[in-house]
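Peer 1:
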Amino acid sequence: MRSLTLVFIVGFLALGASGHTARAPVVVVDPGHDAHGNPETEPIGPGSSTRKIKDGGGTSGVVSGLGEAELNLRVSLQLRPLLERAGLRVVMTRTKTAGASMGNIARARIANRAGAALFLRIHADGSSDLGARGTHVLYPAFRRGWTDDVYAASKRAAIIVQAETRRALGFPDRGLQERSDFTGFNWADVPAILVEMGFMTNPTEDRLLATSAYQRRAAVGMCRGTLRFLGRSPVGCG
Ligand SMILES: [Zn+2]
């Protein structure tokens, strides 16, 4: 009786281990924007008559002159190997800054097709108030038929990733924000969040975010948050 139980336990462990390796969760890393905006419009959710432009183009560094699209990509390219070393699979929505932005339905579809455990959208903010600063994370508002299936997990991811990213960067905590008007959220069938790392219109945060050291900090924070969201140890993120 006892040895039979042991055989079952060993069998389960072996199954679990092989399944784990073959089916590592996928994280879709989405560096926001691209070299150019995209003035075409698209429905903000499946079946919606409300349309928004595909991409307004993002912000840029008030001191550094760095484009947001390029900052988002640099952080994403630092994040990818951290997640991969931690045993996750990574799909990038783009790996260079070139041409018109693909728009947000296309980004969400990449995440849906990949069966992402997390659709991690990476941005930096801009404001006409140059004093505005800090880190915040956005997640989809609850809407039946659009986000009801991903609302709870997205919110949980937002809480964890906000805490880790804010801590890694040391910027003020602007908390979380629910958004019902984000096309990329409303089309997502997987948990989705959008990290606003800091404000490129704030001279202090722009100067810091333009350095590879702070881009690394942001990547480490998002890596830690992602792993904790997935129930894994964040130790390997650095
Ligand atoms: Zn942006």
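Residue numbering for the sequence shown follows the numbering used here, beginning at 88 and increasing consecutively.
All C-beta atoms in this analysis are idealised placements derived from N, C-alpha and C, irrespective of residue type, glycine included.
To the nearest angstrom, report how far apart LEU100 and MET179 are at their CA atoms.
Peer 2: In this predicted model, LEU100 has a pLDDT of only 46, less than 50, meaning its place in the structure is not dependable; the value taken from the coordinates is given anyway. If you take the alpha carbons of LEU100 and MET179, they lie about 32 Å apart.
Peer 1: Grab me the residues of LEU314's own chain with a C-beta within less than 7 Å of its C-beta, minus the 5 sequence neighbours each way, in chain order.
Peer 2: ALA173, SER320, PRO321 and CYS324
Peer 1: Does the distance from the CB of LYS139 to the CB of THR270 come in under 8 Å?
Peer 2: yes
Peer 1: Just the Cα atoms here: how many angstroms apart are VAL237 and ALA275?
Peer 2: Straight-line Cα distance between these residues: approximately 8 Å.
Peer 1: Compare the C-beta of GLU283 against all C-beta atoms of chain E and say whether one is closer than 8 Å.
Peer 2: Checking the listed chains, one finds no chain E in this structure; it contains a single protein chain.
Peer 1: In the structure shown, what three-state DSSP assignment does ARG315 receive?
Peer 2: helix
Peer 1: Taking the CB atoms as reference points, tell me whether ASN191 and GLU129 lie closer together than 8 Å.
Peer 2: yes
Peer 1: Determine whether the beta carbon atoms of ARG266 and GLY221 lie at a separation below 8 Å.
Peer 2: no
Peer 1: Since SER147 sits in a beta bridge, which residues does DSSP pair it with?
Peer 2: According to DSSP, SER147 bridges with GLY154.
Peer 1: Looking at the secondary structure, which residues open and close the alpha helix (DSSP H) in which ILE197 lies?
Peer 2: 191-201 is the extent of the alpha helix (DSSP H) around ILE197.
Peer 1: Flag HIS123 as yes when its Cβ comes closer than 7 Å to any non-hydrogen atom of ligand 1, and as no otherwise.
Peer 2: no
Peer 1: Specify the secondary structure class of PHE286 as computed by DSSP and reduced to three states.
Peer 2: strand
Peer 1: Using 8 Å as the threshold, is the C-beta distance between ALA198 and VAL277 below it?
Peer 2: yes
Peer 1: Going by the DSSP bridge assignment, what does TYR226 pair with across the sheet?
Peer 2: GLU265
Peer 1: Give a yes or no on whether the C-beta atoms belonging to ASN159 and GLY132 are separated by under 8 Å.
Peer 2: Contact: no.
Peer 1: Whose beta carbon lies closer than 5 Å to any heavy atom of ligand 1, going through the chain in order?
Peer 2: GLY119, GLY145 and HIS210
Peer 1: Please report how far the alpha carbon of CYS310 lies from the alpha carbon of GLY202, in whole angstroms.
Peer 2: 19 Å
Peer 1: With a threshold of 8 Å, are at least 3 pairs of Cβ atoms found where one atom belongs to the region 289-304 and the other to the region 144-155?
Peer 2: yes
Peer 1: Would you report the Cα separation of LEU281 and LEU263, rounded to the nearest angstrom?
Peer 2: Rounded to whole angstroms, the separation of the alpha carbons of LEU263 and LEU281 is 10 Å.
Peer 1: Within 10 Å of its beta-carbon, does GLY154 have 16 or more other beta-carbons around it, so buried, or fewer, so exposed?
Peer 2: buried
Peer 1: Taking GLY258 as part of the alpha helix (DSSP H), name the residues at either end of that continuous run.
Peer 2: With the sequence shown as reference, residue 258 is identified as Phe, and Gly is not the correct amino acid for it. From DSSP, PHE258 is part of no alpha helix (DSSP H); its letter is neither H nor E.
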